[in-house]
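For reference, the structure is listed below as structure tokens.
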Ligand SMILES: [Zn+2]
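Residue numbers (our numbering): 502 to 794.
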């Protein structure tokens with residue numbers, strides 16, 4: 502097919518139909534090479550959605566580089582029922598905390614700059630004074646494996662305990678760890694060569710942190726005020742209702758769902774989630790009844 506550029510040969514400029522047809526397809530990968538062979542499609546990996554950013558430590562005031570998610574580039578997928586966030590090609594949870602390689606201060610990014618003077622003193626004594634860096638501050642990988650992210654989260658939990666954080670914060674860190682372990686189990690299971698026992702072991706570990714998170718959040722709901730870990734009352738109620746259901750505490754789940762359905766403060770999205778869960782609860786009750794339990 503002739504195109505408008507094909508007359509340029511006389512100027513020594515050779516053109517192809519592809520050049521014309523694909524002129525708006527900047528950056529589009531070729532699906533076949535020059536020999537007509539199929540080029541294997543390269544899927545994006547986590548590092549494609551990350552950038553390195555300098556941050557200042559709230560404890561020791563030193564600056565260091567950390568990995569951050571390029572928010573505009575990631576595509577959000579449906580969350581898990583218990584609100585675990587999911588994104589295409591990346592588990593953003595891995596990058597949701599800041600950890601200082603110099604003094605060990607580690608916290609969720611959302612809460613890293615909020616601490617009382619008493620907490621600062623506790624951190625200084627219990628973390629910073631004792632911390633021995635395992636890696637040099639320049640050792641920043643391109644992305645974190647689940648094991649690396651989990652290690653950073655255990656440090657985060659240690660910091661939260663050391664500075665006597667709110668119950669909700671400690672519970673939410675446990676929930677984040679449980680979600681990361683779920684991600685790790687999914688990644689392992691996706692590889693056909695992983696022995697089944699290895700996946701089961703990670704799932705058992707997830708269950709341990711999950712029930713810790715549940716107990717903590719339940720307690721926090723009775724003793725703390727909202728918003729809690731950035732979530733309003735309806736969101737926490739739905740989260741706990743889904744967690745209750747997952748843990749087989751169906752009556753608790755039912756009670757929490759009713760509280761959301763009758764709450765004037767709950768938004769439509771949360772009410773819809775509550776209705777969906779109500780249906781699952783009713784089915785579960787029916788199943789139990791049929792089984793004569
Ligand atoms: Zn520091």
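By construction, the Cβ of each residue, glycine as well, lies at the ideal position given by its N, Cα and C atoms.
Any heavy atom of ligand 1 inside 7 Å of the beta-carbon of residue i?
i           : result
residue 563 : yes
residue 604 : yes
residue 675 : no
residue 560 : yes
residue 601 : yes
Could you tell me the distance, in whole angstroms, from the CA atom of residue i to the CA atom of residue j?
i           : j           : result
residue 637 : residue 626 : 22 Å
residue 502 : residue 517 : With a pLDDT of 49 at residue 502, under the threshold of 50, the predicted position of this residue should be treated as unreliable, and no value is reported.
residue 782 : residue 759 : 11 Å
residue 548 : residue 694 : 24 Å
residue 740 : residue 719 : 10 Å
residue 537 : residue 743 : 52 Å
residue 780 : residue 792 : 18 Å
residue 728 : residue 584 : 16 Å
residue 668 : residue 659 : 13 Å
residue 772 : residue 756 : 14 Å
residue 558 : residue 687 : 33 Å
residue 738 : residue 611 : 21 Å
residue 515 : residue 524 : 15 Å
residue 521 : residue 507 : 9 Å
residue 682 : residue 535 : 44 Å
residue 624 : residue 555 : 22 Å
residue 724 : residue 717 : 11 Å
residue 690 : residue 703 : 10 Å
residue 570 : residue 589 : 12 Å
residue 563 : residue 606 : 11 Å
residue 639 : residue 701 : 35 Å
residue 580 : residue 553 : 26 Å
residue 609 : residue 657 : 7 Å
residue 788 : residue 770 : 27 Å
residue 785 : residue 665 : 39 Å
residue 763 : residue 721 : 21 Å
residue 586 : residue 512 : 56 Å
residue 613 : residue 765 : 32 Å
Below 8 Å on the Cβ atoms is my guess for residue i versus residue j; work out the distance and round it to an integer in Å.
i           : j           : result
residue 685 : residue 647 : 4 Å
residue 761 : residue 754 : With a Cβ gap of about 11 Å, residue 761 and residue 754 do not count as contacting.
residue 604 : residue 560 : 5 Å
residue 568 : residue 544 : Their Cβ separation, rounded to whole angstroms, is 20 Å, which puts residue 568 and residue 544 out of contact at 8 Å.
residue 776 : residue 746 : Rounded, the Cβ-Cβ distance is 14 Å, inconsistent with contact.
residue 663 : residue 628 : 5 Å
residue 600 : residue 653 : 5 Å
residue 532 : residue 540 : 6 Å
What I want to know is whether the C-beta of residue i ends up closer than 7 Å to one or more non-hydrogen atoms of ligand 3.
i           : result
residue 760 : Absence of ligand 3 from the depicted structure is noted, with ligand 1 being the only ligands included.
When the Cβ atoms of the region 662-679 are set against those of the region 633-647, are three or more pairs found closer than 8 Å? no
Quick check: the region 616-623 against the region 568-586, are at least 3 beta-carbon pairs closer than 8 Å? no
Does the contact criterion of 3 or more C-beta pairs under 8 Å hold for the region 728-739 versus the region 708-717? no
Which full runs of the beta strand (DSSP E) of 3+ residues lie inside the region 602-638, going along the chain? 607-609
Cβ pair count under 8 Å reaching 3, the region 645-665 against the region 592-609: yes
Quick check for students: name the residue ranges of the alpha helix (DSSP H) that lie wholly in the region 636-721, counting only runs of 4 or more. 647-663, 668-691
Where in the region 532-561 do unbroken runs of the beta strand (DSSP E), each at least 3 residues long, occur, reported from the N-terminal end onward? 551-557
Minimum length 3: unbroken beta strand (DSSP E) runs contained in the region 722-764: none
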